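In terms of UniProt numbering, the sequence shown has 199 at position 199, counting the first letter as 1, and numbering is strictly consecutive. We put the beta carbon where it would ideally sit given N, CA and C, even for glycine. Model, not experiment: these values are computed from the prediction. Let me begin by presenting the structure, written as structure tokens, before commenting on it.
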Amino acid sequence: MVDGITEKQREVVDYILRKIKDDGLLPGDKLDTEIAIAKNIGITRATVREATRILIEQQRIYRVKGSGLYVGSIGISNHAGRFHALSPFDYQAQKHGYKGVRKVIAVSIIRVPSHDMAQALRIKNSDKVYKILRLMCFDDIPVALEHSHLPVSMFSSMEFNKLEISKFSYIEQITGKKIQRRDQNLAAINLTDADILALLQLKENDAVIELTETVFLDDGTPCEVNIAMINTRIFPLRQDSRRP
Numbered sequence: 001m002v003d004g005i006t007e008k009q010r011e012v013v014d015y016i017l018r019k020i021k022d023d024g025l026l027p028g029d030k031l032d033t034e035i036a037i038a039k040n041i042g043i044t045r046a047t048v049r050e051a052t053r054i055l056i057e058q059q060r061i062y063r064v065k066g067s068g069l070y071v072g073s074i075g076i077s078n079h080a081g082r083f084h085a086l087s088p089f090d091y092q093a094q095k096h097g098y099k100g101v102r103k104v105i106a107v108s109i110i111r112v113p114s115h116d117m118a119q120a121l122r123i124k125n126s127d128k129v130y131k132i133l134r135l136m137c138f139d140d141i142p143v144a145l146e147h148s149h150l151p152v153s154m155f156s157s158m159e160f161n162k163l164e165i166s167k168f169s170y171i172e173q174i175t176g177k178k179i180q181r182r183d184q185n186l187a188a189i190n191l192t193d194a195d196i197l198a199l200l201q202l203k204e205n206d207a208v209i210e211l212t213e214t215v216f217l218d219d220g221t222p223c224e225v226n227i228a229m230i231n232t233r234i235f236p237l238r239q240d241s242r243r244p
């Protein structure tokens, strides 16, 4: 699963993932406390804490301070009611019996492509962004293609291989801030671009969902505009929103 994980930590990870599957838990559903998990499987709380940290880094669960652990990478709960989020990719992969795989296909530094994107990122029309093409797969089955745009002024250097583990965790690591909000727009489109069709293994005019989102840090700063083409026949989207 990850390098350096101990057998005891793996036991905790397997217990939590099995609990999510067996109980049919969805993103935003609350998990047992770390104390309860430790008691149920006879392992120290310190070991449980290390194992949950691994799952948080993989975006399979998340922690709400003062509340506990929840399923998913960006929460929908009464405690974090600001969120309006898609079901996490890894959760959807696991739910369908696959492993979530992320592949960075291409990286370039370009002038921000449009005035609207510059406005969304609160940068100048002449400013540069990283354009990162990332293919999302269930095992070796492509399910989504992301075009991520991140301001070069915010990320002076990047280790792009880390985006194949968790984009949001890496952004939080670099900035020292948390991802708080994702403003999303969805549209159904028919694909005609030959390169995108090839990467997603689709035919011309096949329908996909185009997801455009702006991602914000907890201080309100936009850090990314992402445009994703999603094959919802394989990767279903589930949205939910709740008032605080």
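Check	Outcome
Kindly indicate which three-state DSSP category Arg178 falls into: helix, strand or coil?	It is worth fixing the name first, because residue 178 is Lys in this sequence and not Arg. Coil at Lys178, not helix or strand.
If you draw a straight line from the alpha carbon of Met229 to that of Val104, how long is it in whole angstroms?	15 Å
What are the boundary residues of the alpha helix (DSSP H) that Met117 is part of?	115-121
Assuming Tyr15 is part of the alpha helix (DSSP H), what are its boundary residues?	7-22
Where does the unbroken alpha helix (DSSP H) through Asn40 begin, and where does it stop?	34-41
Taking Leu211 as the reference, give the member of Glu146, Arg111, Leu202 with the closest Cα.	Glu146
Please state the DSSP three-state secondary structure of Leu55.	helix
Below 8 Å on the Cβ atoms is my contact criterion, and I expect Val71 with Leu25 to pass it. Report the Cβ-Cβ distance as a whole number of Å.	5 Å
Starting from Leu69, trace the alpha helix (DSSP H) in both directions and tell me its first and last residue.	No alpha helix (DSSP H) holds Leu69; the beta strand (DSSP E) holding it covers 68-71.
Would you mind reading off the limits of the beta strand (DSSP E) that contains Ile234?	Premise fails: Ile234 is in no beta strand (DSSP E) and is neither H nor E.
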